[in-house]
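Participant: Please read through the structure below; I'll follow up with questions.
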Amino acid sequence: MAFLISNAPPVAVLAGNPNCGKTALFNAITGSRQRVGNWPGVTVEKRQGTTTLESELVTIVDLPGTYTLGLGALDEKIAREFVVNEHPDVIINVVDATQLERNLYLTIQLLEMDIPMVVALNMFDEAKALDLQIDVDRLKKHLGIPVIPTVATKKQGIHELLFETARLITDAKRTYKHVGRIPDKNRIPVMKYAALEAEIGRLEREISLKAVRSSGSNAHLSLPHRWYAVKQLERNPNTLDIITKARYDRAAGIADSVIGQNLTADEITPSQAIDRLVLHPWLAYPIFLGIIWLMFHITFTFSQPIANSFAEFFAFIGAYVNNLLSSVGTPAVFNDFVVNGIIAGVGAVLEFAPPIFLLFMVITILEDVGYMARAASLSDRLMRAVGLHGGAFIPMILGFGCNVTGILAARGLDDPRDRLISIMVNPLISCAGRLPVYVLFAAAFFTEKRGLVVFSLYILGIFLAALVARIFSVLIKPDSASIFVMELPPYRLPRPGAVFIQTWERGREFLVKAGTVILTAVSVVWLLANLPLGTGPGDPNSYIGRFGTILAPAFRPAGFGDWKAVVALLSGIVAKELIIGTLGVLYGAGTVYGTAETGLIYAIREAFEPLSAYAFLVMSLVYIPCIATLVSIKRETNSWKWMAVSVVYTVLLGWILAVIVYQVGTFLVH
Amino acid sequence: MRPSGGLIPLNALEHRRAAVVVTLTGSGAARQKLMDMGLTPGAHIAVEGTVPLGDPIIVWVRGSRLALRHREAAGVLVSSCPQQYRWGYRRSHRPKR
Ligand SMILES: Nc1nc2c(ncn2[C@@H]2O[C@H](COP(=O)(O)OP(=O)(O)O)[C@@H](O)[C@H]2O)c(=O)[nH]1
Chain V
144 MAFLISNAPP VAVLAGNPNC GKTALFNAIT GSRQRVGNWP GVTVEKRQGT TTLESELVTI
204 VDLPGTYTLG LGALDEKIAR EFVVNEHPDV IINVVDATQL ERNLYLTIQL LEMDIPMVVA
264 LNMFDEAKAL DLQIDVDRLK KHLGIPVIPT VATKKQGIHE LLFETARLIT DAKRTYKHVG
324 RIPDKNRIPV MKYAALEAEI GRLEREISLK AVRSSGSNAH LSLPHRWYAV KQLERNPNTL
384 DIITKARYDR AAGIADSVIG QNLTADEITP SQAIDRLVLH PWLAYPIFLG IIWLMFHITF
444 TFSQPIANSF AEFFAFIGAY VNNLLSSVGT PAVFNDFVVN GIIAGVGAVL EFAPPIFLLF
504 MVITILEDVG YMARAASLSD RLMRAVGLHG GAFIPMILGF GCNVTGILAA RGLDDPRDRL
564 ISIMVNPLIS CAGRLPVYVL FAAAFFTEKR GLVVFSLYIL GIFLAALVAR IFSVLIKPDS
624 ASIFVMELPP YRLPRPGAVF IQTWERGREF LVKAGTVILT AVSVVWLLAN LPLGTGPGDP
684 NSYIGRFGTI LAPAFRPAGF GDWKAVVALL SGIVAKELII GTLGVLYGAG TVYGTAETGL
744 IYAIREAFEP LSAYAFLVMS LVYIPCIATL VSIKRETNSW KWMAVSVVYT VLLGWILAVI
804 VYQVGTFLVH
Chain A
11 MRPSGGLIPL NALEHRRAAV VVTLTGSGAA RQKLMDMGLT PGAHIAVEGT VPLGDPIIVW
71 VRGSRLALRH REAAGVLVSS CPQQYRWGYR RSHRPKR
């Protein structure tokens, strides 16, 4: 009871199955007063917001959607631990009225925790359309708590729901004032486990005794002792079986008694009809590819003009500020730092904004519609070969556009291990930023076979991603059953308002958090390239140049032990496209790619031979992902460790492959 | 609906044939996950079909559709009923009192 002790606002949590309309309800309750974040230490999205109930501020926390509060998957653990440790003041249990049986399984588990609770009987419109004739009063009686029919998407029933929530909070407060603590309610337990009751009773007494002995009060056990007793039995597989079955049977029994109509259609349901097409033996994959293509198209092509105009805008601002500062007479180094460090850095961040927002929009729509589960089922066969799960496919595909978007798309994966592996191997997929590098070198050295060379690098990337995924999937033990069981939710039309809110919140959160780091990193690299004073990006005496000179010998076995090539790779860490710009500067062939391209081609022909050029390309493909990608890895795994792992393994792998290419190639030629 | 057939693995069940889950052969977290998704002994179940390439299969249980792999479905032993399964939402299928 957080608010009874401190002055913090009361906390209400939303709990429910996936696809029960929890997000829609959350939006309906909090409106725009919400934030997307992460649960501490993990990568699962956490949404939190506030609303005002009877002029009192209430915090609303959206728990991850789960089918159960068991000991298994991460989502379940988060949901369970939040309720146990934070002891929210009210639980709003969102129940999909069209899926009573399955949803009540969770409801029963929540009821066992004996926290003030109200059921939002959501999708009530759909239940009506299906003519299920749900007897709400009877459901109320069965559960012993208020049940409010809601239609989250039309904001129906929200008022009543909040009214009940406020009432439960006031009640708790009043009892607390009177009695000084929340009394043990000693309600009749919702669940009786026939054969296990004796054992539960014994454990319960044991737990009570221990609690009294250890602290003199039972204050540290926030839930009823019966709950801990049942939890203990859940640790034993045999009793867990009995408990699970008993709960599901109870859920089925309740569903049975409150549903008036025995709706057994002989015809297929509308979603089945759509799936006849979406999962059609011949059409499924063309449709799948079409949707992926569309996703690409929207994310990268539509965003291009916007991104370009941002780039132009920042170039303009840069030039303007440069003029301004020159006229004021500040030192040239300072001007350069402001223009090429800070302003270019902000520009680099904002250039990411359009594709990221569009990607989040597409993902939100596909999730909302229900296609994600189908896409995962369709690609499961393929992904299983590398030890992953069907859902890992879309992040891989998006990686071809940009690894940042690919890594973000891994949010769609439920299993934390699958998600981690997808994030870790994504940088091996050739993003669009590497293409200019490939094209330049291919044009310089492999004139007639250039298409083949570029293609081979793409294939190499895919192959390495599959290989490394396989290795990670062996190394990282599954912490839960990594089996593929996925609900295929009914198809639903997306709602523009909800898509907008979610896209905005996800995108905003990413840009704010990642943006600050990208900006810092860009500034640091600028400083390294321009310090000590008097040096510049092309100067071996600049810090980055000295660093490159030290590292250069390590790349001699790969055929490009020239400090300039190494410095180009170093600056490529900021963004892979910069490899070309840097080579341009270093070989004095003009700074910008495109204008002095021919000059640059000439220059690199001098500096490389075909074999070392190919080794260099392999290195460019594999080594350290760009800063934005690294930052995303850090953000999405919530761990510096995994970011470090990705730096180390990609450098090693890239180096080894480059050396192999060069050495084996040299050997074959001679 | 009363099961009449012998025990067969779920992935070998004729499409659309109504059946009842009898037992799960697996163990540990995988077994629990299946049970949490509603595949408990006594649950009514049917296979709707497969996705292209034949795996995973699509299963109806407790009023919703699940995709699950052959490998996992093989561990769910069911007994088939004489009649066909009727799609869509339905009350639980236990015999009427
Ligand atoms: N008809 C109807 N659709 C709803 C209702 N609530 C949510 N939805 C839709 O159900 C889908 C899943 O909802 P969402 O809020 O994303 O579910 P979550 O997975 O529980 O967060 C979305 O397409 C919503 O538009 C409702 O009360 N009635």
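These protein sequence lines map, in sequence, to chains V and A.
The number in the working numbering is simply the position in the first sequence, starting from 1, with 143 added.
The number in the working numbering is simply the position in the second sequence, starting from 1, with 10 added.
Think of the CB as a built atom: it goes at the ideal place given N, C-alpha and C, for glycine as much as any other residue.
Just to confirm my understanding: we take THR772 of chain V, look at its own chain, exclude 5 residues before and 5 after, and list those with CB closer than 6 Å. What are they?
Facilitator: Cβ within range, chain order: ASN546, VAL547, PRO570.
Participant: Buried or exposed: ARG517 of chain V, going by 16 or more other Cβ atoms within 10 Å of its Cβ?
Facilitator: Label assigned to ARG517 of chain V: buried.
Participant: Tell whether a beta-carbon distance below 8 Å holds between LYS777 of chain V and PRO51 of chain A.
Facilitator: For LYS777 of chain V and PRO51 of chain A, no; Cβs fall outside 8 Å.
Participant: Closer than 6 Å by C-beta to GLY715 of chain V: which residues in its own chain qualify, once you throw out the five before and the five after it? Chain order, please.
Facilitator: Closer than 6 Å at the Cβ level, and outside the excluded window around GLY715 of chain V, lie LEU721, ILE722.
Participant: Check whether the Cβ of ALA40 of chain A lies closer than 8 Å to any Cβ atom in chain V.
Facilitator: Judged by the 8 Å Cβ criterion, ALA40 of chain A is in contact with chain V.
Participant: For ARG835 of chain V, is the classification buried or exposed, using 16 other Cβ atoms within 10 angstroms of its Cβ as the cut-off for buried?
Facilitator: Since the first and last residues shown for chain V are 144 and 813, residue 835 of chain V lies out of range.
Participant: Determine the contact status of TYR575 of chain V and GLU779 of chain V, defining contact as a CB-CB distance below 8 Å.
Facilitator: One point to set straight first is that residue 575 of chain V is Ala, not Tyr, in the sequence displayed. Contact: no.
Participant: Exposed or buried, what is ARG324 of chain V when buried is set at 16 or more other beta-carbons lying within 10 Å of its beta-carbon?
Facilitator: Its pLDDT being 47, under 50, ARG324 of chain V is placed unreliably in this model, and the value from its coordinates should be taken loosely. ARG324 of chain V is exposed by the Cβ-count criterion.
Participant: Return the bridge partner residues of GLN191 of chain V from the DSSP annotation.
Facilitator: Per DSSP, V:ARG178, V:VAL204.
Participant: Specify, as a first and last residue, the run of the beta strand (DSSP E) that GLN94 of chain A falls within.
Facilitator: It spans 86 to 94 - the beta strand (DSSP E) in which GLN94 of chain A sits, taken as one unbroken run.
Participant: Using the beta-carbon of each residue, which ones in chain V are nearer than 7 Å to ARG26 of chain A?
Facilitator: Result: empty, since nearest Cβ-Cβ is about 11 Å, beyond 7 Å.
Participant: What's the C-alpha gap between SER782 of chain V and GLY490 of chain V?
Facilitator: Answer to the nearest angstrom: the Cα atoms are 26 Å apart.
Participant: Relative to chain V, which residues along the region 44 to 60 of chain A have a C-beta separation below 9 Å, given in chain order?
Facilitator: The region 44 to 60 of chain A vs chain V, Cβ under 9 Å: LEU44, MET45, ASP46, MET47, GLY48, LEU49, THR50, PRO51, GLY52, ALA53, GLU58, GLY59, THR60.
Participant: Is DSSP giving ARG79 of chain A helix, strand or coil here?
Facilitator: Coil, per DSSP.
Participant: With a threshold of 8 Å, are at least 3 pairs of Cβ atoms found where one atom belongs to the region 292 to 307 of chain V and the other to the region 149 to 169 of chain V?
Facilitator: Taking 8 Å as the limit for Cβ pairs, the verdict is that the region 149 to 169 of chain V does touch the region 292 to 307 of chain V.
Participant: Near HIS368 of chain V, what residues of its chain come up, given a Cβ to Cβ distance below 8 Å and the 5 sequence neighbours on each side ignored?
Facilitator: Result list for HIS368 of chain V: GLU347, ILE350, SER351, ALA354, ASN361, in chain order.
Participant: Which value, in whole angstroms, describes the spacing of the CA atoms of TYR634 of chain V and VAL512 of chain V?
Facilitator: Whole-angstrom Cα-Cα distance: 5 Å.
Participant: List in chain order: all unbroken alpha helix (DSSP H) runs of 4+ residues lying wholly within the region 253 to 288 of chain V.
Facilitator: 267 to 272, 279 to 286, all fully within the region 253 to 288 of chain V.
Participant: For chain A, is any of its Cβ atoms less than 8 Å away from the one on MET786 of chain V?
Facilitator: Judged by the 8 Å Cβ criterion, MET786 of chain V is not in contact with chain A.
Participant: How would you label ALA528 of chain V, buried or exposed, when you count the other beta carbons within 10 angstroms and need 16 or more for buried?
Facilitator: That one is exposed.
Participant: Along the region 62 to 76 of chain A, what residues have a CB closer than 7 Å to any CB found in chain V?
Facilitator: Cβ contacts with chain V: PRO62, LEU63, ASP65, PRO66, ILE68, ARG72, GLY73, SER74, ARG75, LEU76.
Participant: Can you grab the Cα-Cα spacing for the pair ILE767 of chain V / LYS271 of chain V, in whole Å?
Facilitator: So the two alpha carbons sit approximately 55 Å from each other.
Participant: Return yes when the C-beta of VAL294 of chain V is under 7 Å from any heavy atom of ligand 1, and no when it is not.
Facilitator: Yes, the beta carbon of VAL294 of chain V sits closer than 7 Å to at least one heavy atom of ligand 1.
Participant: Under 8 Å, Cβ to Cβ, is there at least one residue of chain V near LEU78 of chain A?
Facilitator: Cβ-Cβ to chain V under 8 Å: yes for LEU78 of chain A.
Participant: My guess is that ILE566 of chain V and MET539 of chain V are in contact by the Cβ rule of under 8 Å, so how many angstroms apart are they, rounded?
Facilitator: Contact flag wrong, Cβ pair sits at about 11 Å.
Participant: Assuming GLY159 of chain V is part of the beta strand (DSSP E), what are its boundary residues?
Facilitator: GLY159 of chain V -> beta strand (DSSP E) spans 154 to 159.
Participant: Distance, Cα to Cα, LEU157 of chain V vs ASN236 of chain V?
Facilitator: Looking at the two C-alpha atoms, the distance is approximately 6 Å.
Participant: I need the DSSP call for THR793 of chain V, collapsed to helix, strand or coil.
Facilitator: It is helical.
Participant: SER616 of chain V touches chain A at which residues, Cβ-Cβ below 9 Å?
Facilitator: Chain A residues near SER616 of chain V: none, gap ~16 Å exceeds 9 Å.
Participant: Would you list, in chain order, the members of the region 519 to 539 of chain V that have their beta-carbon closer than 9 Å to a beta-carbon of chain A?
Facilitator: So the list reads ALA519, SER520, LEU521, ASP523, ARG524, LEU525, ARG527, GLY533, given in the order they occur along the chain.
Participant: Provide the residue span of the alpha helix (DSSP H) that contains GLU630 of chain V, from first to last.
Facilitator: Careful: GLU630 of chain V lies outside any alpha helix (DSSP H), inside the beta strand (DSSP E) at 628 to 630.
Participant: Of all Cβ atoms in chain V, is any one closer than 8 Å to the Cβ of SER37 of chain A?
Facilitator: Interface residue, yes.
Participant: Just how far apart, CA to CA, sit VAL30 of chain A and GLY36 of chain A?
Facilitator: Spanning the two alpha carbons is a distance of roughly 17 Å.
Participant: Taking C-beta pairs closer than 7 Å, name the residues in chain A that TYR428 of chain V reaches, listed in chain order.
Facilitator: Correct list: PRO62.
Participant: Between TYR210 of chain V and chain A, is any beta-carbon pair separated by less than 8 Å?
Facilitator: At least one chain A Cβ lies under 8 Å of TYR210 of chain V.
Participant: Following a CB-centred definition, is GLU630 of chain V positioned closer than 7 Å to any heavy atom of ligand 1?
Facilitator: No; taking the cut-off as 7 Å, the Cβ of GLU630 of chain V has no heavy atom of ligand 1 nearer than that.
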